[in-house]
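Let me begin by presenting the structure, written as structure tokens, before commenting on it.
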Ligand SMILES: *[C@@H]1O[C@H](CO)[C@@H](O)[C@H](O)[C@H]1NC(C)=O
Ligand SMILES: *[C@@H]1O[C@H](CO)[C@@H](O)[C@H](O)[C@H]1NC(C)=O
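Shown next, in the form of structure tokens:
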């Protein structure tokens, strides 16, 4: 019984993610390396394709790490930077944008000029066993 449960749980773990890497979200906008105006509000678009199996959203965190203008930033798993958003993630399809999958836009404020790393941390539950998963994404923005 225990073995069966573990085997099924393992199978659902490996079958559930829609991609081999288990990544779901992507930072769709701005593009990696985009130039954005200093001290302005920008739209951040997070895409998440439909789950292959049942899934439940838990939370999304967006952070800006401005502390690595001349070198590689540390990974978001170690330093999310200044928290710009921390809350529910409810990606939706938009009827007027049929070519676009489920996504959600967030408005964040960027500070002074320099390179900043925009970090996303995503938490959810997958499949019939509500298997927890976490993932990170990041892009670099050129604030001018
Ligand atoms: C940022 O994302 C890129 C592309 O996914 C990845 O190659 C890189 O390792 C990430 N950087 C950090 C610091 O996590
Ligand atoms: C989200 O932002 C992107 C990029 O600005 C835009 O193309 C898209 O229409 C927006 N979606 C909604 C629902 O406003």
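Numbering (the numbering used here), first residue to last: -19 to 124. Glycine included, each C-beta is placed from N, C-alpha and C at the ideal position. Given the structure is predicted, the values throughout are model-derived calculations rather than measurements.
| Check | Outcome |
| --- | --- |
| Restricting to Cα atoms, I'd like to know which of 15, 42, 10 and 37 is closest to residue 113. | 37 |
| Is residue 28 helix, strand or coil when you go by DSSP? | coil |
| For residue 92 and residue 41, I'd like the C-alpha separation in whole angstroms. | 21 Å |
| For the beta strand (DSSP E) holding residue 43, just list the boundary residues, first then last. | 35 to 45 |
| What three-state label does DSSP hand residue 124 in the structure shown? | coil |
| Roughly how many angstroms lie between the CA atoms of residue 10 and residue 58, to the nearest whole one? | 23 Å |
| Between the region 23 to 37 and the region 47 to 55, can you find at least three pairs of beta-carbon atoms closer than 8 Å? | no |
| Could you pull out every unbroken beta strand (DSSP E) segment of at least 3 residues lying fully inside the region 53 to 84, listed in chain order? | 62 to 67 |
| Assuming residue 116 contacts residue 78 (C-beta within less than 8 Å), just tell me the rounded distance between them. | With a Cβ gap of about 29 Å, residue 116 and residue 78 do not count as contacting. |
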